[in-house]
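Worksheet: the structure to be examined is printed underneath.
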Amino acid sequence: MTLDPEPLPKTTSIQLFKSLFLARRSEEYIVKHYPENLMRTPMHMSMGQEFVSVGVCAALEGKADVFASYRSHAAFLAQTHDTDLFFSELYGRSSGTGEGKGGSMHLASPGQGHILSSGVVATQIPVAVGAGFANMRLGTGRTAVVFFGDGAADAGVFWESLNVAALYRLPVMFVCEDNGYAVDTPREARQVPASLTEAVKAFVCDSYEDDSGDVESVYRLARGAVEKAHRERRPAFLNVKCCRYLEHVGTGDDWHWGYRDKAAVEREWISRDALLQQRVRLASLQMSESAIVAVEDEIDRAIRASVAKASQAPIPGPERLYAGVFHEKA
Amino acid sequence: MTMAAAKPLAQSSRVLSYAGALLETMDGALRDHPNAFIMGQGVDDFKGIFGSTTGLAEKYGAKRVFDVPLMEEGMTGVAIGAALVGDYPITTHIRADFSFLAMNQIINMAAKYSYMFGGLMRCPMLIRIVVGRSWGQGAQHSQSPQATFAHYPGLTVVMPSSSQAVLDMYPAIINRHPGPVISIEHRLLYNLDFTISPADKRVPLTSYVAREGSDVTVVATSVMVLEALRAAQYVQDRAGVSAEVIDLNSISHPDWELVAASVRKTRRLVTADTSWLEYGVGGEVCRQLMMRDPGLLRQPPAMLGMAPAPCPTAKSLEDIYYPSQHDTVDAILTQAKGKNHGIDLPVERSMTEGYKRFRGPF
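As they're listed, the protein sequences go chains C and R. Going left to right, the first sequence walks through residues 1 to 330 as the numbering used here numbers them. Going left to right, the second sequence walks through residues 331 to 692 as the numbering used here numbers them.
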């Protein structure tokens, strides 16, 4: 769905590319370094789905309070661009987002607008509604955005949250990263409505669907949706079709399990990978190959520096075990 | 698993992994009870709840073994309803933490139906939940809620610590137990191989002596039984200390007389549980002893459990979060010989090679 047919400013296209590349390359480093056994945290990889959170976070221009699931790498990086914090947490270091106590599933940096990531499916959704409620009451002008998978839309608490957000007229952005599977169970085996997008319309909210696989399409959609949500004072539901390239948890692929067809996934998704698409778009905007490579190299260097820094950062000492359990200063 | 089972051992003994024992009992339940079924996220997939349900959907069909949407409370309610009218549901949660979403149905419904309706109905069902540990499972994937569940009258809570316990206990539960049972399985047990003893050494559906001894009583649960057994061997070899290890096995219905008799003999106590100490299993052990005879213990007991914090992910903190083999040995020796026992402690921090190697699947 394209709400705004005007081409985006070139700087925006470049920003979106950078953000996509940052998420993708960061995860490529995770894949590469995971076997060293220094990142001891179960990884739920975003690879393939990055364009959803990249597009939405860019559209909200830093005025988002982001709530994410355990599959939060891309959302965290899209919102914060902070690879130092990111890798430090994955390496279990004192300099991480949760001083190493949270790991991959619990990335958070409230000061940068990534409020939290939660390890239990759908648990972040009502919490985001709470932030939306407070933002409205306090008049902060910020928007609560919650990312979740289509699996979370199985859960009762998703529907409760949607209902109450509509009931209280809260401009909360519900963003479904619809990759079609809960672990390996396809959506059709779990949900009766043929279309989640249509089912959600029964609640007073604006329900959008996007199957473009294109970060700019998501960006435009989110910009329009958040503007309307605030204007109409009601929640927005963005159902963005996407594909998880890797296994549910872990850094490998999972074609060998046979629950999805590699050739079909390659044909339908990987061949029009959002990052590649955006790279092609930059070229079509008269950005030279060397300029694109320079952008990539700069990000790559930054990530490598963050990985090096994280792997050398201090590990939390035993005195940190009890810090923050109750209300002493963590 | 079949390969292990084929190993020639002593007569009628065999080797079977914990996951293999679970699979045998699940298979047996479906085979012997037309009204039994298994429901849970991923029970019919390739991972098959870490190998404990693999192949059963193919064997018994999708009406007996089926995947469900993410709906823990709803699923549990559905299971309860089926149980009330004569089915035998077995539900699964790949993490104990996820069963917390079903707390309302488990505690307000399943635990109370038989009593609240004056025995008009029964709610026989088995809820299998798996405790995670290692590789940065973190705060929401590592909890061990035996004390929580056992607090509520009406719930039977068990923690099988070996393949033998699973083989002996699950059929007894599924065949005969009239109420809801929560079985807390430990992920680190799944890949371990156990020797299955001849039929005359069955593990009862309550507590039992896992190793006889005379100097110190160690009351343990789940994977801590294995830690305790290993520590007991160590202190025997290094210091001639004889530790008696009791596997509590049933958390809601332990054999307290067995525990008390052991402590009467040893006068020294170590508790080793997989959860926090606060309001926990070890505390209940002490309450039971105290209520029988406040003079039973010669000295204050040693209590092992998780550090009183949510589980941290960083390895440096996770390592000190759980009691190590070092801690278990030290606790036994301190009970037997005092703080200055002077005996070298094992250097390793965790129990088996399996622990160290564990990297999922999660």
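Yeah, the Cβ is synthetic: ideal placement off N, Cα and C, and Gly gets one too.
Nearest-angstrom beta carbon gap, residue j and residue i [assumed within contact, 8 Å]
| i | j | result |
| --- | --- | --- |
| residue 562 (chain R) | residue 602 (chain R) | Actually they do not touch by this definition, with Cβ atoms about 11 Å apart. |
| residue 316 (chain C) | residue 646 (chain R) | 6 Å |
| residue 23 (chain C) | residue 58 (chain C) | 12 Å between Cβ atoms; not a contact. |
| residue 216 (chain C) | residue 13 (chain C) | 7 Å |
Contact with chain R by residue i, beta-carbon distance below 7 Å
| i | result |
| --- | --- |
| residue 41 (chain C) | yes |
| residue 105 (chain C) | yes |
| residue 101 (chain C) | yes |
| residue 315 (chain C) | yes |
| residue 190 (chain C) | yes |
| residue 181 (chain C) | no |
| residue 330 (chain C) | Residue placement at residue 330 (chain C) is poorly supported in this model, since its pLDDT is 49, which falls under 50; the coordinates are not used for a value here. |
| residue 119 (chain C) | yes |
| residue 85 (chain C) | no |
| residue 318 (chain C) | yes |
| residue 310 (chain C) | no |
| residue 257 (chain C) | yes |
| residue 202 (chain C) | no |
| residue 97 (chain C) | no |
| residue 29 (chain C) | no |
| residue 322 (chain C) | yes |
| residue 149 (chain C) | no |
| residue 128 (chain C) | no |
| residue 92 (chain C) | yes |
Where residue i sits in the DSSP three-state scheme
| i | result |
| --- | --- |
| residue 483 (chain R) | coil |
| residue 327 (chain C) | coil |
| residue 580 (chain R) | strand |
| residue 176 (chain C) | strand |
| residue 574 (chain R) | strand |
| residue 37 (chain C) | coil |
| residue 1 (chain C) | Reliability fails at residue 1 (chain C), whose pLDDT of 49 lies under 50, so the model's placement of it is uncertain and no value is given. |
| residue 272 (chain C) | helix |
| residue 504 (chain R) | helix |
| residue 8 (chain C) | coil |
| residue 347 (chain C) | What is shown of chain C runs 1 to 330, which leaves residue 347 (chain C) out entirely. |
| residue 450 (chain R) | coil |
| residue 206 (chain C) | strand |
| residue 216 (chain C) | helix |
| residue 366 (chain R) | strand |
| residue 540 (chain R) | strand |
| residue 109 (chain C) | strand |
| residue 186 (chain C) | strand |
| residue 419 (chain R) | strand |
Residues bridged to residue i [DSSP beta-bridge criterion]
| i | result |
| --- | --- |
| residue 44 (chain C) | C:250 |
| residue 84 (chain C) | Bridge partners of residue 84 (chain C): none, in fact. |
| residue 344 (chain R) | R:526 |
| residue 560 (chain R) | Answer by DSSP bridge pairing: none, since residue 560 (chain R) is not bridged. |
| residue 288 (chain C) | Paired residue(s): none; residue 288 (chain C) is not in a bridge. |
| residue 606 (chain R) | R:636 |
| residue 455 (chain R) | R:510 |
| residue 65 (chain C) | C:144 |
| residue 51 (chain C) | None, per the DSSP bridge assignment. |
Contact with chain C by residue i, beta-carbon distance below 7 Å
| i | result |
| --- | --- |
| residue 271 (chain R) | Any property of residue 271 (chain R) remains undetermined from this structure, which presents chain R solely from 331 to 692. |
| residue 664 (chain R) | no |
| residue 343 (chain R) | no |
| residue 435 (chain R) | no |
| residue 465 (chain R) | yes |
| residue 476 (chain R) | no |
| residue 646 (chain R) | yes |
| residue 643 (chain R) | yes |
| residue 498 (chain R) | no |
| residue 637 (chain R) | yes |
| residue 566 (chain R) | no |
| residue 660 (chain R) | no |
| residue 629 (chain R) | no |
| residue 684 (chain R) | Caution applies to residue 684 (chain R), whose pLDDT of 48 falls short of 50 and renders its modelled position unreliable; the model cannot decide the point. |
| residue 439 (chain R) | no |
| residue 331 (chain R) | The predicted position of residue 331 (chain R) is uncertain, since its pLDDT is 34 and thus under 50; a value taken from the coordinates is nonetheless stated next. It does not: the Cβ of residue 331 (chain R) has no partner Cβ on chain C nearer than 7 Å. |
| residue 375 (chain R) | yes |
| residue 470 (chain R) | yes |
Closer than 6 Å: residue i CB and nearest the ligand MN heavy atom
| i | result |
| --- | --- |
| residue 641 (chain R) | Within the structure as shown, the ligand MN is missing, as the structure has no ligands at all. |
Within-7 Å CB hit, residue i to chain B
| i | result |
| --- | --- |
| residue 624 (chain R) | Protein chains C and R are contained in the structure displayed, whereas chain B is not. |
Would you call the stretch 93-108 of chain C and the stretch 631-649 of chain R in contact, with 3 or more CB pairs under 8 Å? yes
Count the CB pairs spanning the stretch 162-174 of chain C and the stretch 119-139 of chain C that are closer than 8 Å, and state whether there are at least three. yes
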